[in-house]
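Q:
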Amino acid sequence: MVGGDYTIAWRTASADGHVIRGTIPFSVRPE
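Structure follows, in structure tokens:
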């Protein structure tokens, strides 16, 4: 994987039926 900034988008449903979604930003830096 090359270095850079990435974002993971996720989505899930809770037990009572609500949809929860968000994003997780992260950075990759080569050693």
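Here the sequence shown stands for residues 44 to 74, numbered as in the numbering used here. Cβ atoms here follow ideal geometry from the backbone N, Cα and C, with glycine treated the same way.
1. So which of PRO73, VAL45, ARG64 has the shortest CA-CA distance to ILE51?
2. Could you have a look at GLY65 and say whether DSSP puts it in helix, strand or coil?
3. Looking only at DSSP bridge pairs, what is SER70 linked to?
4. Per DSSP, what kind of secondary structure is ALA56 in: helix, strand or coil?
A: Put simply:
1. Mapped onto the sequence shown, residue 51 falls at position 8. Considering only alpha carbons, the answer is ARG64.
2. Within the sequence shown, residue 65 is the residue found at index 22, counting from 1. In this structure, DSSP gives GLY65 an extended state, which the three-state scheme calls strand.
3. As a position in the sequence shown, residue 70 is number 27, starting the count at 1. According to DSSP, SER70 bridges with ASP48.
4. Position 13 of the sequence shown, counting from 1, holds the residue named residue 56. Here ALA56 sits in strand by DSSP.
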